[in-house]
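**Student:** Following this message is one structure expressed as structure tokens.
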Amino acid sequence: MITANDPAEQELQHTVHTAATASPDWLLVRDRHIGHLMACRACYAPTGRYCVVGAELYQQYRDTEMEAIV
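Add 2 to the 1-based position in the sequence shown for this note's numbering, that's all there is to it.
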């Protein structure tokens, strides 16, 4: 039986990362990337096809930490 203070129970806990808990920097980069994708006819994210600007925005999106650095 697992109790509330059992170490095995604590190991099962994990953090869920969502836009609601994301850092302001990540939200800004995500919004810029998505905004570009919606407007650019050359970019098609499902296949990984990006124009030069889209590729730069995608790289920024990938490189930006979702969690705020404390």
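We treat Cβ as the ideally placed atom computed from N, Cα and C, and that holds for glycine.
(1) What does DSSP give as the partner residues of Tyr46 in its beta bridges?
(2) I'd like the span of the alpha helix (DSSP H) that includes His38, first residue to last.
(3) Helix, strand or coil: how does DSSP classify Thr23 here?
(4) Is Glu58 helix, strand or coil by DSSP?
(5) Leaving aside the five residues before and after Arg51 along the sequence, list all residues of the same chain whose C-beta is less than 7 Å from its C-beta, in chain order.
(6) Output yes or no for whether 8 Å exceeds the beta carbon distance between Tyr63 and His35.
**Tutor:** So, from the listed chains and residues:
(1) Arg51
(2) Pro26 to Ala41
(3) helix
(4) helix
(5) Cys45
(6) yes
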